[in-house]
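Report on the following structure.
Residue numbers (this note's numbering): -15 to 623.
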């Protein structure tokens, strides 16, 4: 389906030309401009600038070229004398079929211009045919610098299929650019599947109507989904403690077998995916109980007589008990009941079904700093595995904000499994429908292997020489001249190049409405420092929020019970004892104006849920009764 735009290719005659070709070398050409002899008009719209798209009419096609350099090699010595004005061009493509009125733009040049051919500015119709093309598979993100009436279109399949990057110095609008591009894609593709890693909790306001916001307060990421390297990072930390790692490596498969054997009498639906227990490895994503790990540790300790041999067991047991009781780890270890809810976790994270929420925002603020990289590693690894085992039926895009944190160029920094997971998406994700978006202000600090896989780049203002060099190494020679603008780009301006764009181009992004802006504005110091804050309860509120950040929001509430009931195959009617609302301690967390639809039947999702009858004293007994009822039904079903 071709664009509805009908270009007007009515030439304005010979006077429209601005110079003639005097040299052609490979993909480059040199034009002798008429301005040196006074023929070029003084109007700004008739003078070529850096990045201007020019047209050269040949016998069969119209060759398009970008101005990459301007110079006056022979300046005049006196006023009124002639000069030599030179423009260096990069030949970037051609328009075929212009004479028939059905122009189509193609990258590359099949018919090179000859010496003496006249050069002119590309007309509006030619710009539309080049930069807009087939609008059915593209979305608008702004306008081009050469003509503000021409929209800057991004080809979605090429953008996502081959990964893309958004680069720019802090304060240049990376978050707004990310929100704008994703909103443009989602508006045209309402059944998208996008996972956004949000380290600063700033994107919830930008996608309030489209996003499922997952934070430590409502996140469910069971520890048994972690690979061995990831669980070692959480439970051991120091990779030099070999004895504890060996103990854990021995006990985890045994705990998985014990859990599987305990469910052997349950109906098939309740045992889905558990298979042959003899095939379990430390990395198999099947449930096991932390209590079984502790019991196995006690059993091993009872068989040992040498106190020196007991040290790793004791250290591991103490660490497990400490983490299990830490409210900050409730999203991972907070559930006292283990159940196979992997399908529910995947459904919520990757929006299957979409339920009008095509974006999952994972707010990382509040997750303990020592395990943030582990959480990111799990999510990135699961993104690739989900795309792999779904055989590409559900393409997923992973947006990695502040990517230099997770894939640093320094080999001694970061978490190795996390780097491997993101690198795997960058290198192999295209084959299975997993795409990557890298957002960072320091491209020089990112692993170059990851960045080199991003075939479309939006480069905002950059002043650091190393960062500019990284971007320049990624762009083709024909667009290299545009990158000279990087230090001087304005707000909402970027140099865009790669497979997602028709040509390297300087664009001006559209402005987002206030309701869709990310929460990333800089603090107004001069305004806030004009008067002293005299609210006596202000500090008490800070202390309350601070302390509440470590309290699990709903570790044994209705959401988990509903998830468990669904996982073990009980009907919704069998969980009538579950409370409709659960008391959640007040804490600073994003709360949408209306609760998003839950991917789990009968389960409240996230935020503070209130009810006239809800209270701490009422909710806890109901949860206990529900849990007891579920256990009784399980016992009857196994008999």
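Ideal Cβ placement from N, Cα and C applies to all residues, glycine included.
Values in this document were obtained by computation on a predicted structure and should not be read as measured data.
Original post:
For residue 345, does the three-state DSSP call read helix, strand or coil?
Top reply: Under the three-state reduction of DSSP output, residue 345 falls in the strand class.
Original post:
Smallest Cα separation from residue 207: which of 302, 313 and 80?
Top reply: Closest by alpha carbon: 313.
Original post:
By how many angstroms is the C-alpha of residue 427 removed from the C-alpha of residue 390?
Top reply: Cα-Cα distance, rounded: 12 Å.
Subject >> residue 401 to residue 467 span [Cα, whole Å] >> reply: Whole-angstrom Cα-Cα distance: 34 Å.
Original post:
Is it true that the CB of residue 175 sits closer than 9 Å to the CB of residue 105?
Top reply: No; because the gap between Cβ atoms is not below 9 Å, this pair is not in contact.
Subject >> the region 127 to 138 contacting the region 420 to 435, beta-carbon criterion three pairs below 8 Å >> reply: The region 127 to 138 is not in contact with the region 420 to 435.
**OP:** Consult DSSP for residue 167 and reduce its assignment to one of helix, strand or coil.
**Re:** Assigned with DSSP and collapsed to three states, residue 167 falls in helix.
Original post:
Is it the case that the Cβ atoms of residue 343 and residue 387 are separated by a distance below 9 Å?
Top reply: No, Cβ-Cβ distance for residue 343 and residue 387 is not below 9 Å.
**OP:** Return the CA-CA distance between residue 602 and residue 201, expressed in angstroms with no decimal places.
**Re:** Low confidence applies here, because residue 602 scores a pLDDT of 40, under 50, leaving its location unreliable and the question unanswered by this model.
Original post:
So, are the CB atoms of residue 405 and residue 368 less than 9 Å apart?
Top reply: Taking 9 Å as the Cβ cut-off, residue 405 and residue 368 qualify as a contacting pair.
Original post:
Going by other Cβ atoms of all chains shown within 10 Å of its Cβ, with 16 needed for buried, is residue 376 buried or exposed?
Top reply: Classification of residue 376: exposed, given that the 10 Å Cβ count is below 16.
Original post:
For residue 450, which residues from the same chain have a beta carbon less than 6 Å from its beta carbon, with the 5 sequence-adjacent residues on both sides left out?
Top reply: When the five nearest sequence neighbours on each side are left out, the beta carbons in the same chain lying within less than 6 Å of the beta carbon of residue 450 are those of 428, in order along the chain.
**OP:** Give every residue of the same chain whose Cβ lies closer than 6 Å to the Cβ of residue 3, excluding the five residues on either side of it in the sequence, and list them in chain order.
**Re:** The residues 15, 16, 17, 18 and 103, in chain order, have a CB closer than 6 Å to that of residue 3 in the same chain once the five nearest residues on each side in sequence are set aside.
Original post:
By how many angstroms is the C-alpha of residue 496 removed from the C-alpha of residue 89?
Top reply: Computed Cα separation, rounded: 30 Å.
Subject >> Extent of the continuous beta strand (DSSP E) run through residue 90 >> reply: That run of the beta strand (DSSP E) goes 88 to 91.
Original post:
Are the beta-carbon atoms of residue 418 and residue 371 separated by less than 9 Å?
Top reply: For residue 418 and residue 371, yes; Cβs fall inside 9 Å.
**OP:** Decide yes or no for the touch test of the region 50 to 57 against the region 65 to 79: beta carbon pairs closer than 8 Å, at least 3 of them.
**Re:** Yes, since at least three Cβ pairs between the region 50 to 57 and the region 65 to 79 fall closer than 8 Å, the two stretches touch.
Subject >> Three-state secondary structure assigned by DSSP to residue 558 >> reply: Below a pLDDT of 50, predicted positions are generally treated as unreliable, and residue 558, at 42, falls in that range; no measurement from the model is reported.
Original post:
Does the Cβ-Cβ distance between residue 227 and residue 296 come in under 9 Å?
Top reply: Cβ atoms of residue 227 and residue 296: closer than 9 Å.
Original post:
In chain order, what residues of the same chain lie with their CB nearer than 6 Å to the CB of residue 456, ignoring the 5 residues before and after it?
Top reply: Within the same chain, 467 come within 6 Å of residue 456 by CB-CB distance, once the 5 residues on both sides are set aside.
**OP:** Could you spell out the range, first to last residue, of the beta strand (DSSP E) harbouring residue 199?
**Re:** Looking at the DSSP string, residue 199 is not in any beta strand (DSSP E), and its letter there is neither H nor E.
Original post:
What is the residue span of the alpha helix (DSSP H) that residue 332 lies within?
Top reply: Residues 326 to 333.
Subject >> Per-residue DSSP class, three states only, for residue 146 >> reply: Reduced to three states, the DSSP call for residue 146 is coil.
Original post:
Can you give the beta carbon distance from residue 139 to residue 484, rounded, assuming they're within the 8 Å contact cut?
Top reply: Going by Cβ atoms, the distance from residue 139 to residue 484 rounds to 5 Å, so yes, they are a contact pair.
Subject >> Cross-strand partners of residue 421 (DSSP beta bridge) >> reply: Looking at the DSSP assignment, residue 421 forms a beta bridge with 148 and 383.
Original post:
Ends of the beta strand (DSSP E) at residue 118?
Top reply: Neither: residue 118 is in no beta strand (DSSP E) and is coded neither H nor E.
Original post:
Considering residue 366, what are the terminal residues of the alpha helix (DSSP H) in which it resides?
Top reply: Run containing residue 366: 356 to 373, per the alpha helix (DSSP H) assignment.
Original post:
Taking just the CA atoms, how far does residue 446 sit from residue 6?
Top reply: Rounded to the nearest whole angstrom, the CA to CA distance from residue 6 to residue 446 is 35 Å.
Subject >> Contact under 9 Å by Cβ, residue 75 with residue 183 >> reply: Cβ distance not < 9 Å, so residue 75 and residue 183 don't count as in contact.
**OP:** Check residue 467 in the structure and name its three-state DSSP category.
**Re:** Of the three classes helix, strand and coil, the one that applies to residue 467 here is helix, per DSSP.
**OP:** Within its chain, find whatever has a CB closer than 6 Å to the CB of residue 256; leave out the 5 residues flanking it on each side and keep chain order.
**Re:** Unreliable placement is indicated for residue 256, whose pLDDT of 49 sits below 50; no coordinate value is reported for it.
**OP:** Would you mind giving the Cβ-Cβ distance between residue 326 and residue 209, rounded to the nearest angstrom? I have them listed as a contact below 8 Å.
**Re:** Contact flag correct, Cβ pair sits at about 7 Å.
**OP:** Quick one: using the 10 Å Cβ neighbour count with 16 as the cut-off for buried, is residue 442 buried or exposed?
**Re:** Flag for residue 442 reads buried.
Subject >> Residues near residue 261 in its chain [Cβ-Cβ closer than 8 Å; skip 5 each side] >> reply: Residue confidence is low: residue 261 scores 48 on pLDDT, short of 50, so the model does not pin down where it sits. No coordinate-derived value is stated.
Original post:
From the DSSP output, which residues share a beta bridge with residue 127?
Top reply: In the DSSP assignment, residue 127 is bridged to 135 and 492.
**OP:** Within the same chain, show all residues whose beta-carbon is closer than 7 Å to that of residue 97, passing over the 5 residues directly before and after it, in chain order.
**Re:** Correct list, in chain order: 5, 8, 13, 40, 42 and 47.
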